[in-house]
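Student: In order, the protein sequences belong to chains D and P. Per this note's numbering, residue 1 is the first one in the first sequence, and the count goes up by one each step. Per this note's numbering, residue 1001 is the first one in the second sequence, and the count goes up by one each step. Each residue gets a CB set at the ideal place from its N, CA and C atoms; glycine is no exception.
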Amino acid sequence: MNHLHEKKSMLSQGILIFIYLAVLTGLEFFVAISFNSAPLLIVVALVKAGLVLYYYMHVYKLNLESENDDQSYDYKAGTNRLGLWLFLISDSFVFGGLMVMRVNLLGLSRPELNQLLGLGVTAVLLVSSFFMNRGETLIHNGDRKGFLANTAITFVLGLGFLLGVVLVEWRLAIHEGLTPDSGIAGAAFFMMTGMHAFHVFTGLILLAIIWINGRRGLYDVKNYPVEAAAVYWHFVDVVWIFFYPALYLIGTAVR
Amino acid sequence: MRKTNPVWKGLLLLVVGGVLGYGIGLVLDLLVSGALNYNGSVASAFAILLAVTAFFLGVYGYRGITRGLVWQVVGTLLGGFFVTGIRALQGSDNIFGTFFFSEPAWVFGGLVGVITFMFGVGVVSDWMKWARGIDTPEHHEDEPGGGKYFDVSLDHKVIGIQYTVTALALIAIGGTFALIFRTELAASQLQFLTTTFKLFNQTGPQFYNTIMSLHGIIMIVSILLGISGMMNYAVPFLVGAHDMAFPRLNAFAYWISVPASVLLLMSLVLGGFDTGWTGYPPLSARAPVGMQMFFLGVFTAGWSSILGALNVIATVIRMRAKGMVAMRLPIFVWASVATSIIALTATQLIGLSFQLVMFQRLFGMGFFDAAKGGNPVLFQHLFWFYSHPAVYVFVLPGLGIISELLPVFVRKPLFGYRWIAMSSLGIALVGFTVWAHHMFTSGMNEYLRVPFMYSTLLVAVPTGVKFFSWVATIWGGKITTPTPMLFVLGAIIVFLIGGLTGPPNAAIALDLHLHDTYWVVGHFHDTIFGGFVFPFFAAIYYWFPKATGRRMNEFWGKVHFWLMTPSFFVLTLGMMVVGLRGMRRRIVDYDPALGFDFTHLLMTIGGFLIALSVLIFFINLFHSIKHGEKAEGNVWNSRSPEWQVPSPMPVHNYDVPFEVVGEPYDYGLADGKYIQFNGHQGEKHVVTAESAHH
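1. Per DSSP, what are the beta-bridge partners of V1434 (chain P) in this structure?
2. As a quick exercise: from P:F1617, P:L1563 and P:V1357, pick the residue whose alpha carbon is nearest that of L101 (chain D).
3. Under 7 angstroms between beta-carbons, which chain P residues line up against P180 (chain D)? List them in chain order, please.
4. Check whether the Cβ of V1686 (chain P) lies closer than 7 angstroms to any Cβ atom in chain D.
5. Taking DSSP as the reference, what is the three-state secondary structure of A1509 (chain P)?
6. Compare the C-alpha of R1320 (chain P) against each of P:Y1654, P:Y1667 and P:L1669 and name the closest.
7. Quick one: which residues of the stretch 87 to 98 of chain D get their C-beta closer than 8 angstroms to a C-beta of chain P? List them in chain order.
8. Using a Cβ-Cβ cut-off of 7 angstroms, state whether R216 (chain D) counts as contacting chain P.
9. Give a yes or no on whether the C-beta atoms belonging to P1462 (chain P) and S1423 (chain P) are separated by under 7 angstroms.
10. Quick check on L1238 (chain P) - is its C-beta less than 7 angstroms from some C-beta in chain D?
11. Please check if any C-beta of chain D sits within less than 7 angstroms of the C-beta of Q1380 (chain P).
12. Ends of the beta strand (DSSP E) at V1660 (chain P)?
13. In terms of DSSP beta bridges, what is L1199 (chain P) paired with?
14. Spell out whether any CB of chain D is found under 7 angstroms from the CB atom of L1344 (chain P).
15. N1250 (chain P): buried (16+ other C-beta within 10 angstroms of its C-beta) or exposed?
16. Look up G1021 (chain P) in the DSSP assignment and say whether it is helix, strand or coil.
17. Under a CB-based cut-off of 7 angstroms, is I1306 (chain P) close to chain D?
18. So that I know if they touch, is there some Cβ in chain D lying closer than 7 angstroms to that of F1452 (chain P)?
19. In terms of residues, what are the limits of the alpha helix (DSSP H) holding R1132 (chain P)?
20. Hey, would you say V1289 (chain P) sits closer than 7 angstroms to L1270 (chain P), going by beta carbons?
21. Could you tell me whether the Cβ atoms of W1556 (chain P) and I1474 (chain P) are closer together than 7 angstroms?
22. Considering F189 (chain D), what are the terminal residues of the alpha helix (DSSP H) in which it resides?
23. Under 7 angstroms, CB to CB, which of the residues in the stretch 1284 to 1317 of chain P have a partner in chain D?
24. Quick one: is S182 (chain D) buried, meaning 16 or more other Cβ sit within 10 Å of its Cβ, or exposed?
25. Is the shortest distance between the beta-carbon of I184 (chain D) and the beta-carbons of chain P less than 7 angstroms?
26. Suppose you measure from the CA of F1119 (chain P) to the CA of I1161 (chain P); what does that come to, to the nearest Å?
27. What residues match up with S1102 (chain P) in a beta bridge as DSSP calls it?
28. So what does F1677 (chain P) bridge to, in DSSP terms?
29. For the stretch 1332 to 1340 of chain P and the stretch 1307 to 1314 of chain P, state whether three or more C-beta atom pairs, one from each stretch, are separated by less than 8 angstroms.
30. Consult DSSP for V254 (chain D) and reduce its assignment to one of helix, strand or coil.
31. For Y1386 (chain P) and A1670 (chain P), I'd like the C-alpha separation in whole angstroms.
32. So which residues on chain D does N1375 (chain P) lean against when the C-beta distance must stay under 7 angstroms?
33. At a CB distance below 8 angstroms, what residues from the stretch 192 to 221 of chain D approach chain P? Give them in sequence order.
34. Can you find a C-beta in chain D that's less than 7 angstroms from the C-beta of Q1191 (chain P)?
35. For R102 (chain D), which three-state DSSP category applies?
36. Assuming R110 (chain D) is part of the beta strand (DSSP E), what are its boundary residues?
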């Protein structure tokens, strides 16, 4: 009974965190269009990233004491978890480097983009993270149907984000004259969104894999792959939490 | 009838493949350019690709590496034709380029070729099964004999040897390039790389630039593979693990270095590039297609380094034997972790900086193009953020080898274990803050110079700790000097010279004079030889019996050492002398009035003698595999766990797990137990000071 309670509280925790993230995203947008304070935008992004890292990506699981038997599934999952986080640390240096590039080239100016469209795709990705968290929690609870439904929603939202950026946003920007070779603003915009979109694309492949295998009946007990795909998906979201203000909100727009 | 050696068959097919590839390339070039281009790049590219592939076909048959190479060739062509087709559909004016394919087609083809290689060699097949929900056994049995080295193996010892052999092959290639341009530099004026010289679409001086640049990057990749070889081979059994944490990722990290090497070599024939290995824009934004192959090759090789480092860290954190607490880890393991922290993170930034130039060239994105508002100095920041710490990636494992081997051959405890362990981490962490000392003359903000000078000087502190410990360890020891120990001592002396010549470069006022001179070339050859090459040879001589159950020949090992060391001093001290007197680096010619001719001649002779000594080493190595003196026990009287089990090492390392019960380097002390095997015959295996002493 107590155990069930804990499972339910994990679900409601996911909802609560999503509400925080949504409110902060709204606040961020308001700050940007009203008095545009770069330090405040950075603080909001850091808080959002912290929430996702802790409550959605469960970074504290790295500290879990696994059993001594190094042949057990739990121990191996712990090793895999460490490996995945090491990879994410490595990967974040790519995105960090892109951020350095953006700050060095553009400083307190940003590419001229449709801010509302930016808010739209950001919301889609954020909601997808919420459903991902729900899906992961449900498979831990043994609810395969719920897991499959939520993962499918995550996939559709992720695909929506990808198409929204590549087909709508890029096309619109090119139409407005912001092209990869038009100047540094265009170069930074296409490079950063392109690199992020590539990661979204790989995340979608992972989601497809766990969805198909989940439908075949895997992950009843050995469900680390679901956790791995979820953590990777949230990581892609964390990157966007920084890229979105960097490209759409901070500073004044230049062509 | 005697069975023919497959190597002869391979060499025969090498010739056949080369001729066939040359013919195909000639015809393709004729179709596109309408002229027979006998020393053109296309024919040469096809000749080299097909020759290498045919060689492995002859040696090993159509599996493993051969299949990978065939798939890489096919993938490159498919990718190239795909982009060419798209250009044709777009109605582009020139769907083909100078080198058959256009530049975008070569880049895309090169990328597809790497991916198809990985599928062809079969290193991703288990992951593909996992993605479809099919389980695979944790271990795969390797075939007995030498064949397993040409195919995907999950055994860390096999992968370590694969890395090492690939590194040695690249050292041979990079060294050959050095001999070519050293010969050119032996006297002032152009000797044979003249303006009328024509090879792979390059004139003599252009070809000089290409092989000078390729010498740099091929040596760097070979060093990365060499340290991966040492770490892969030694770290798991030093910490008492049966394998690395992620055996498939380990195999992946090794195999991706093979197509990467092929790409780097392709840059030689596709017009080359003239930027040096640093690839600074704006020059790299206009160099021939070879530049793109170089970028792609380094990017791919970088993944090998990143994934290998990830694996080492995870192995050390998760796979240690019982009782192997942090302060009882072998020093080499500490050094491996320190090096892996840099390789895991900073490598991404050289990949990113090269990617940005690739995209600038392909899509006109203006990152480093001042005309579009870009900033060429930004490239240097991103590039050096990896490429300076990279030298600590190169030397830290080697310095670990010195500390690891020294106590064995002086029969004394390592002096200041904790300080040594922490100094590796210290060098790695300080290393992250020093990159801009390469840019004192680049026009970056002047107020940045001073902090970078001080952080650079700070590196000398943890490095000094290491020297202090080595000297104190040798002090009063019972020194024996078999070949590995000779190389350890050589490493200490050479690295001392390399280390002492470093701080002058860090001092801003001096650096403005020394920048881009041969002084710097001499300095880094000393650090890399002292920090990597000498310890690498020491490690090979030391662990060769562990890998093969035989020893390498002592006499020829000593000849190798006594020939290489003085020649090396002639070479690098010569470099420093002419450098201080104003010899610019990276140039094909120099003014006879400078009076450097004689020194350059001496340096060239030194270079050839080094090559001769390495040739002796190669012959000794391959001869000893089958004909070396048998050595199945603890040949060096080491306390280290791997020497307490028979050689060659059993497949999964330790049949009986061991427990750490004492300090690792207590040589010559009473009651100095390090490990204890926990099986029933445990007592028999206990290493005491007594048994280690005799």
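Tutor: The answer reads as follows:
1. Paired residues: none, contrary to the question.
2. It should be noted that the sequence gives Met, not Leu, for residue 101 (chain D). Minimum Cα distance to M101 (chain D) is reached at P:V1357.
3. F1363, G1364 and M1365
4. Its pLDDT being 45, under 50, V1686 (chain P) is placed unreliably in this model, and the value from its coordinates should be taken loosely. For V1686 (chain P), the nearest beta carbon of chain D is not closer than 7 angstroms to its own beta carbon.
5. helix
6. P:Y1654
7. F87, I89, S90, D91, F93, V94, G97 and L98
8. yes
9. At the C-beta level, P1462 (chain P) and S1423 (chain P) come within 7 angstroms of one another.
10. Judged by the 7 angstroms Cβ criterion, L1238 (chain P) is not in contact with chain D.
11. no
12. F1658 to V1660
13. BP columns for L1199 (chain P) point to P:Q1202.
14. yes
15. buried
16. helix
17. yes
18. no
19. First-last for R1132 (chain P): undefined, no H or E at that position.
20. yes
21. Between W1556 (chain P) and I1474 (chain P), the C-beta spacing is not below 7 angstroms.
22. I184 to R215 is the span of the alpha helix (DSSP H), which, as asked, contains F189 (chain D).
23. Considering only beta carbons, the part of the stretch 1284 to 1317 of chain P lying closer than 7 angstroms to chain D consists of I1306, L1310, I1313, A1314 and I1317, in chain order.
24. With 16 or more neighbouring CB atoms inside 10 Å of its own CB, S182 (chain D) falls in the buried class.
25. yes
26. Between the alpha carbons of F1119 (chain P) and I1161 (chain P) lies a gap of roughly 22 angstroms.
27. Beta-bridge pairing links S1102 (chain P) to no other residue.
28. P:F1658
29. Touching, yes.
30. strand
31. 46 angstroms
32. N104 and L105
33. Flagged, chain order: I209, I212, N213, R216 and L218.
34. no
35. helix
36. S109 to P111
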